[in-house]
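Numbering (our numbering), first residue to last: 6 to 114.
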Amino acid sequence: MTYFILFLAILAEVIATTALKASDSFTKLGPSIVLVVGYAVSFYLLTIVMRSMPTGVTYAIWSGLGIVLISVFGYLFNHEKLDLAACIGMSLIVIGVVVINVFSKTVNH
């Protein structure tokens, strides 16, 4: 259940960050509301996750997967380009998250 809640926190953060660009520096009400609510939901869910997972590991997974998903959303919905170096770097982030989850003894499985 912890990983499901963490996934929801990541998804809320990705939606909020996507809305951040759409808010046009908080000049558009709809996206501005989405980003504030999205970040609030994300941080609340993170507090639940941190009851059973160390802060550093939680943040590493949340931020790492968030970076990758934000980049994918930007590519798909905002037509932002991803070059080879960006793809390689994000692949390394995903590998790091997998290593933490598979090999770290600090993560409760």
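Backbone N, C-alpha and C define an ideal beta-carbon position, used for all residues, glycine too.
Boundaries of the alpha helix (DSSP H) around L16: T7 to A27. A24 has its alpha-carbon roughly 10 Å from the corresponding atom of S30.
Comparing C-alpha distances from A17 to each of I66, I100 and A45 shows the shortest one belongs to A45. The closest CA to that of T7, considering only S37, L40, S109 and P59, is found on P59. In the DSSP assignment, T60 falls within the alpha helix (DSSP H) that extends over T60 to F82.
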